[in-house]
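Number of protein chains: 4
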Amino acid sequence: MMKKIRYGMVGGGTGSFIGSIHRAAAALDGCYELVCGAFSSDRERGLESAAALGLPAARSYPDYVAMLAAEAVLPADQRMELVVIVTPNHLHVPVSIAALRAGYHVVCDKPAAMTLAEVRALADVVRDSNRLYALTYTYAGYPMVEEARVRIARGDLGTIRRIDVRYRQGWLSDPIEKDGHRQAGWRTDPAYSGLSCCLGDIGVHAFHLAEHVTGMQVQALSADLATHVAGRRLDDDAGILLRFANGARGTLVASQICCGEENDVSIHVYGDRGGLSWSQNDNESLMLKWPNRPQEIVRMGGPGSSPQALARCRLPAGHHNGYIEAFANHYRAVAGALAQQAISVPVGEINWFPGIEAGVRSLAFIETALANSNGNQKWSEIES
Amino acid sequence: MMKKIRYGMVGGGTGSFIGSIHRAAAALDGCYELVCGAFSSDRERGLESAAALGLPAARSYPDYVAMLAAEAVLPADQRMELVVIVTPNHLHVPVSIAALRAGYHVVCDKPAAMTLAEVRALADVVRDSNRLYALTYTYAGYPMVEEARVRIARGDLGTIRRIDVRYRQGWLSDPIEKDGHRQAGWRTDPAYSGLSCCLGDIGVHAFHLAEHVTGMQVQALSADLATHVAGRRLDDDAGILLRFANGARGTLVASQICCGEENDVSIHVYGDRGGLSWSQNDNESLMLKWPNRPQEIVRMGGPGSSPQALARCRLPAGHHNGYIEAFANHYRAVAGALAQQAISVPVGEINWFPGIEAGVRSLAFIETALANSNGNQKWSEIES
Amino acid sequence: MMKKIRYGMVGGGTGSFIGSIHRAAAALDGCYELVCGAFSSDRERGLESAAALGLPAARSYPDYVAMLAAEAVLPADQRMELVVIVTPNHLHVPVSIAALRAGYHVVCDKPAAMTLAEVRALADVVRDSNRLYALTYTYAGYPMVEEARVRIARGDLGTIRRIDVRYRQGWLSDPIEKDGHRQAGWRTDPAYSGLSCCLGDIGVHAFHLAEHVTGMQVQALSADLATHVAGRRLDDDAGILLRFANGARGTLVASQICCGEENDVSIHVYGDRGGLSWSQNDNESLMLKWPNRPQEIVRMGGPGSSPQALARCRLPAGHHNGYIEAFANHYRAVAGALAQQAISVPVGEINWFPGIEAGVRSLAFIETALANSNGNQKWSEIES
Amino acid sequence: MMKKIRYGMVGGGTGSFIGSIHRAAAALDGCYELVCGAFSSDRERGLESAAALGLPAARSYPDYVAMLAAEAVLPADQRMELVVIVTPNHLHVPVSIAALRAGYHVVCDKPAAMTLAEVRALADVVRDSNRLYALTYTYAGYPMVEEARVRIARGDLGTIRRIDVRYRQGWLSDPIEKDGHRQAGWRTDPAYSGLSCCLGDIGVHAFHLAEHVTGMQVQALSADLATHVAGRRLDDDAGILLRFANGARGTLVASQICCGEENDVSIHVYGDRGGLSWSQNDNESLMLKWPNRPQEIVRMGGPGSSPQALARCRLPAGHHNGYIEAFANHYRAVAGALAQQAISVPVGEINWFPGIEAGVRSLAFIETALANSNGNQKWSEIES
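Protein chains in written order, with the numbering used here: chain A, 145 to 528; chain B, 145 to 528; chain C, 145 to 528; chain D, 145 to 528.
Next comes the structure, spelled out in structure tokens:
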């Protein structure tokens with residue numbers, strides 16, 4: 145009989161967006177069981193959330209400190225094994241460090257931290273912990289993003305020359321943070337969100353896609369961050385030029401004021417032998433373009449898919465997957481690692497998952513972009 | 145604390161396609177708990193399936209008769225409350241009737257039955273049972289199919305004149321049933337599938353879409369069923385002309401030999417004031433076309449959506465849903481009904497679900513189409 | 145120095161839709177020169193049209209009889225060589241026969257005739273005339289329709305099993321013929337249009353696409369024609385089941401009351417080794433679907449195109465062609481034939497064009513569909 | 145009787161790409177007549193080209209100087225009235241100036257000049273000439289690009305905040321200029337192409353789209369030009385950050401090494417009240433996205449189109465237009481201006497055409513981008 149992984153959640157109370165996604169993703173394959181939570185800093189809301197999720201009040205904790213302490217004294221077969229962190233950004237590192245030190249595995253929503261210094265400290269803890277640390281870069285969970293990565297890694301496109309990646313949304317076109325919109329509130333507040341709103345919330349997704357899909361690192365960037373909505377305290381829009389170590393060039397656009405857009409996430413990569421593109425709006429298709437033969441569409445679960453991509457499909461081709469399934473692929477990979485008593489799975493293996501290295505890169509990206517955007521220097525190197 | 149609905153499953157053992165979908169759909173919103181099953185007629189496979197699903201061997205039953213008997217003597221707070229039927233078609237009615245008579249609610253995969261006579265007998269049992277009976281017409285669970293239904297019901301398109309619906313697949317292009325393909329094996333075997341392969345498997349989906357989205361009934365049809373693969377015992381392809389009571393005309397194409405197609409499901413409806421279309425391949429968009437203003441795209445969860453469609457969304461617009469989510473909407477509606485101690489929810493309410501009437505219509509459709517296709521008469525009326 | 149083909153036009157006066165298309169198509173490659181016309185039965189309008197087109201009044205004739213007579217006495221190097229017929233349908237055959245008998249080549253808009261008897265008589269005249277007769281089935285002029293034909297002819301899809309073709313428009317959703325709409329007026333008037341409005345106007349395009357692309361003939365059909373707009377004298381909507389000689393099945397939908405549609409023309413063909421589809425709304429792409437390798441998109445002018453399709457491209461891939469270019473491909477093919485003193489070019493050659501055989505098939509289709517639709521017999525064979 | 149505008153062409157001999165486009169565009173509406181040409185610096189090729197185009201040898205000139213001199217002494221009713229310049233870039237200004245000074249109107253392909261100094265000198269001549277000067281920025285001729293411009297000009301999107309424009313091709317992915325590819329040869333040769341290959345060939349199209357559609361000027365830019373193909377003498381790839389005077393931000397990507405791309409031209413514009421996008425690959429649709437109502441698609445010639453966009457359509461909605469038609473819209477506008485004895489038509493009028501101002505802006509853009517790309521300064525202002 146399969147044993148489910150018992151997890152506790154920090155954050156994600158009633159009305160949270162990302163908390164419910166994590167729970168649905170964990171539930172999808174039947175490998176996880178939510179056993180406790182510190183769902184909210186508001187004690188009433190925390191208790192309500194726990195009740196709504198079918199948890200006993202005894203395992204609804206007022207905060208993560210209490211949770212870690214209380215769980216530690218439970219019998220080993222009841223105690224949580226893994227902490228899922230879906231709080232605003234300011235708690236990502238404190239909770240991660242406390243959980244890892246207390247011996248729990250950690251799944252944390254992105255970004256990994258508020259600052260580069262903070263994430264480096266966390267990386268040290270991860271390395272010393274002998275515990276698993278996973279960072280949910282959602283889009284890397286899509287089967288056809290994996291197919292794109294595999295294709296480039298095996299050289300189908302030849303030497304990569306150009307990468308254009310974007311993530312455009314419209315939900316922050318108006319100052320909704322002033323109208324009590326909870327999600328907008330903390331994301332535009334430096335105390336909860338960090339140094340950047342737009343880059344921390346969606347720019348890191350685009351950055352991760354660019355580095356992850358190509359297997360290459362951005363060496364230098366030139367950034368233009370803007371705050372279009374009057375009175376907003378953090379940026380809501382970014383255009384960035386990218387230079388990769390091999391001479392490839394690219395652009396990254398991340399914006400939350402693209403009025404009318406939902407989640408316009410896409411990546412286009414061009415090598416000297418072919419090009420590919422993927423867009424979240426048709427997430428089940430990977431477009432391949434060639435100089436000397438017809439364009440191809442590799443379909444999720446369809447012929448031509450790599451084993452790595454097929455491992456991320458739950459349904460036969462033509463039965464559509466979505467965001468939760470992409471998210472769930474990270475949870476499935478984490479479950480697979482734990483089943484084999486592994487605490488990491490390198491990219492390239494079947495069912496790998498993003499870890500702390502991706503987190504460090506993202507914070508290095510954010511800080512470099514901010515510094516560059518505020519200065520007059522053309523290029524700034526990313527060091528991580 | 146929320147109480148989960150305890151369900152038992154008949155069919156759906158390891159390697160089953162639709163069983164895993166039902167389980168994922170039931171799990172998605174956290175409202176159901178699988179407590180027992182008669183997963184396979186092969187006892188070993190049944191036990192393995194149960195173990196893989198985390199069930200104790202004691203609640204893995206050899207068949208549905210044993211399951212109904214054994215569960216009946218369990219304490220009320222452990223006993224299953226609902227039976228999910230995901231067997232081949234030949235067992236749909238026997239299990240449904242036995243379960244309803246034993247006092248359980250039923251969720252059954254389509255088609256409801258093998259024959260019209262059989263489904264009529266079941267309908268009588270449903271009516272007398274005071275128990276809920278739900279039939280999972282998947283596509284009706286998609287939010288934008290619901291939006292289409294709402295738009296037509298409120299008259300946006302005016303009087304409906306033309307409906308073209310199709311469901312094209314390619315998976316039965318070759319005689320894979322002869323190579324031990326389990327899904328193909330039973331679907332092409334009259335003893336397990338019924339009178340028709342193509343209509344029973346996918347034609348009923350198209351038929352249900354046509355009647356459900358328009359709120360109109362097909363009055364007469366003229367059908368051309370074919371078996372393209374040599375040696376196959378049932379049809380694998382159908383083209384059908386439709387006439388509706390109000391004078392509207394239409395076509396229904398269902399085919400399993402459309403080589404290279406995954407699940408090309410779509411519906412186009414035209415009234416005297418506008419037209420709409422929906423396709424599973426872009427399931428989050430409802431296209432609206434007008435004679436005197438620009439085309440519109442209503443997006444899942446986006447502005448312009450009706451409350452009924454919004455009730456079928458789990459995520460903000462732009463976070464993509466798929467097949468499991470559509471399926472899960474039926475489970476969510478069933479859970480909602482049971483929470484209110486209702487055994488049915490009429491179409492038009494928030495969170496309705498398809499019931500036995502849809503099942504009767506579909507079998508009437510299949511039998512009428514078969515008789516017509518075999519004869520020389522142009523039109524045959526559907527009586528149900 | 146290249147000699148341009150001198151042509152006269154019958155019909156196509158100011159305000160005509162199709163006349164201006166023919167002129168633009170003829171002009172596109174610089175192979176034709178309009179030298180005279182009988183543009184309108186209204187003498188004033190005819191003279192105005194000629195003036196607007198830069199023709200001297202002397203070569204603006206009151207009718208085709210006068211045109212044929214007057215041109216006959218002009219010097220051979222000024223006299224028209226070819227007659228383009230863009231009148232309402234009732235004049236197609238009389239003008240064609242008179243022109244052919246007077247020794248002129250003919251390019252005629254579809255349909256070729258009002259009735260099957262009439263087109264058969266014309267076919268005899270064509271055969272005896274030693275003159276070229278071309279029928280402008282526009283869609284066959286699109287490069288990617290030619291690519292589809294080539295692919296099927298060379299067996300890429302294997303044995304064809306299913307063909308679904310459609311042409312849906314919305315422009316006749318309202319009785320605009322009663323409001324003085326010229327195009328709608330004659331098309332819905334049996335005296336000018338013939339036995340059918342919808343089939344004669346657009347159904348024949350769909351029928352021609354089906355037979356032309358597959359290289360197969362429809363053997364029998366079962367039709368349902370309807371007139372949805374009250375008071376209209378001819379049909380405006382049709383759904384038809386098709387049976388081909390080799391056992392392939394299909395549907396043809398042609399409708400002018402699909403409110404909000406512009407020209408939704410598409411064809412889907414499935415064989416036992418693959419499928420393809422083409423849609424006018426993305427006319428530069430031919431979609432190929434395979435059971436065992438990724439989908440392909442052959443692009444107009446791009447890699448993988450056949451020589452026959454490339455011969456229909458004017459621009460490098462990525463510079464978009466449209467309706468006029470498709471039309472112009474017929475004119476180019478006619479010019480090519482005349483340059484080689486050929487009066488026909490069989491389908492399959494580079495730069496063939498549709499001729500009288502396609503015209504006969506279309507009228508046989510219309511009459512068979514009408515008879516079938518009016519009767520109770522399931523299937524009617526098309527004899528031509 | 146309509147008088148056609150007599151034009152002579154400089155460049156555009158047999159095998160030229162853009163020369164044949166200009167001729168087809170001029171021919172499309174029947175307003176122009178090609179009367180002479182200096183088609184090639186190769187005398188034989190020039191004579192052959194003239195013959196193929198149906199011109200007498202006497203009006204096939206060895207070069208533009210000879211053409212201007214010879215035409216000047218022809219009778220006024222035979223002499224050309226307008227010079228069309230389709231040479232490589234190095235001759236654009238010399239021919240333009242000579243033609244204007246000789247009293248001819250000029251239609252010139254983009255870019256207007258090799259350098260900013262050169263185009264400024266030309267601008268002076270244009271201003272003093274009392275002759276019409278038109279610059280064929282093709283994409284501005286598309287009806288739905290005009291619709292985009294109109295929508296933004298009238299404020300539908302509110303204050304513009306973000307503009308992303310791109311033009312990606314793959315045809316220069318390999319060093320085809322070394323294999324005798326004529327088009328690639330001169331475009332990558334500074335002596336014929338100017339300071340930049342990628343920006344001069346396609347970057348200026350993207351830049352013009354950005355400024356033209358928004359009606360706003362780029363104030364400053366930060367550019368990263370690259371040469372990816374070894375041995376190439378000019379750039380083949382560019383990523384550029386844009387800042388507009390009102391605070392709007394943007395990116396411009398132009399690349400000729402995007403392997404497998406044909407002409408991926410698109411623009412996305414976002415204001416504080418809505419967003420729009422247009423792509424050449426679906427040139428007949430303008431996508432409009434709104435925060436509070438469904439997305440809209442305005443279709444070429446369809447409901448909701450502005451008079452300005454409708455004036456650029458030749459066919460009813462659903463009959464597809466393409467590249468030649470877009471090009472022809474500039475020729476039609478020039479013909480309209482000349483018919484009214486106007487030498488310019490401001491943007492915003494029905495049937496305006498791009499003129500010398502657009503040419504000056506483009507060269508200012510190229511020189512600023514080059515200087516910035518070569519330096520370490522973040523931002524460079526465009527002065528023109």
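In this text, a Cβ means the ideal position worked out from N, Cα and C, and glycines have one as well.
Being a predicted model, the structure only gives us computed values, none of them experimental.
Check	Outcome
Do residue 305 of chain D and the ligand MN come close, with the Cβ less than 7 angstroms from some heavy atom?	The ligand MN is absent from the structure shown, which contains no ligands of any kind.
I want to see whether chain D comes within less than 8 angstroms of residue 521 of chain A, judged by CB atoms only; does it?	yes
Would you verify that the beta carbon of residue 447 of chain D is, or is not, closer than 8 angstroms to some beta carbon of chain B?	yes
Are there three or more Cβ pairs, one per stretch, closer than 8 angstroms when the segment 437-456 of chain A is compared with the segment 244-254 of chain A?	no
Name, in chain order, the residues that DSSP records as bridge partners for residue 422 of chain C.	C:411
If you run the structure through DSSP and keep just helix, strand and coil, what is residue 350 of chain D?	helix
Would you call the segment 314-325 of chain D and the segment 364-377 of chain D in contact, with 3 or more CB pairs under 8 angstroms?	yes
Compute the beta-carbon to beta-carbon distance between residue 282 of chain C and residue 477 of chain C, rounded to the nearest angstrom, for a pair I have assumed lies under 8 angstroms.	Wrong, their Cβ atoms sit about 13 angstroms apart, outside the cutoff.
Can you list, in chain order, the residues of the segment 421-441 of chain C whose Cβ is nearer than 8 angstroms to any Cβ on chain A?	432, 434, 435, 436, 437, 438, 439, 440, 441
List in chain order: all unbroken alpha helix (DSSP H) runs of 4+ residues lying wholly within the segment 236-288 of chain C.	236-245, 260-273
Would you call residue 451 of chain A buried or exposed, if buried means 16 or more other Cβ atoms sit within 10 Å of its Cβ?	exposed
Do we get a CB-CB distance below 8 angstroms when we pair residue 192 of chain D with the residues of chain C?	no
Would you identify the three-state DSSP class for residue 433 of chain C, choosing helix, strand or coil?	strand
Check whether the segment 330-348 of chain A touches the segment 444-458 of chain A, counting contact only when three or more Cβ pairs, one atom from each stretch, lie closer than 8 angstroms.	no
Answer with yes or no whether the minimum CB distance from residue 223 of chain D to chain B is below 8 angstroms.	no
In the DSSP assignment, the alpha helix (DSSP H) including residue 393 of chain B goes from what residue to what residue?	Per DSSP, residue 393 of chain B belongs to no alpha helix (DSSP H); it is in the beta strand (DSSP E), 393-399.
For residue 145 of chain C, which three-state DSSP category applies?	At residue 145 of chain C, the pLDDT of 42 sits below 50, so the modelled position is not reliable and the matter cannot be decided from this model.
What separation, rounded to the nearest whole angstrom, lies between the Cα atoms of residue 387 of chain B and residue 400 of chain C?	17 angstroms
Whose C-alpha, out of D:167, D:274, D:187, D:183, is nearest the C-alpha of residue 155 of chain D?	D:183
By the criterion of Cβ-Cβ separation under 8 angstroms, what are the contact partners of residue 167 of chain D in chain B?	Residues of chain B passing the Cβ test: none, with the nearest at roughly 35 angstroms.
So within the segment 177-230 of chain C, which uninterrupted alpha helix (DSSP H) runs reach at least 4 residues, ignoring any that extend past its ends?	187-196, 208-216
Can the beta-carbon of residue 229 of chain B be found closer than 8 angstroms to that of residue 269 of chain B?	no
Under 8 angstroms, do residue 312 of chain C and residue 379 of chain C count as touching if we go by C-beta distance?	no
Going by DSSP, what residue range makes up the beta strand (DSSP E) through residue 535 of chain C?	With chain C covering only 145 through 528, there is no way to say anything about residue 535 of chain C.
Under 7 angstroms Cβ-Cβ, which residues of chain C neighbour residue 397 of chain B?	308, 395
Using alpha carbons as the reference points, say which of C:351, C:158, C:494, C:431 lies closest to residue 561 of chain B.	As shown, chain B starts at 145 and ends at 528. That puts residue 561 of chain B outside it, with no answer to give.
Going along chain B in order, which residues have a C-beta closer than 8 angstroms to the C-beta of residue 266 of chain A?	Under the 8 angstroms cutoff, chain B gives no residues; its nearest Cβ is about 27 angstroms from residue 266 of chain A.
Looking only at its chain, what residues have a beta carbon closer than 7 angstroms to the beta carbon of residue 257 of chain B, apart from the 5 residues adjacent to it on each side?	236, 237, 263, 266, 503, 507
Out of C:496, C:519, C:295, which has the shortest C-alpha to C-alpha gap to residue 279 of chain C?	C:496
Tell me which residue opens and which closes the alpha helix (DSSP H) that residue 167 of chain C is part of.	162-172
At least one CB of chain C closer than 8 angstroms to the CB of residue 417 of chain A: is that the case?	no
Find out if the Cβ-Cβ distance for the pair residue 510 of chain D, residue 369 of chain D is shorter than 8 angstroms.	no
Would you mind giving the Cβ-Cβ distance between residue 487 of chain B and residue 276 of chain B, rounded to the nearest angstrom? I have them listed as a contact below 8 angstroms.	4 angstroms
Rounding to the nearest angstrom, what Cα-Cα distance links residue 519 of chain D and residue 160 of chain D in this structure?	37 angstroms
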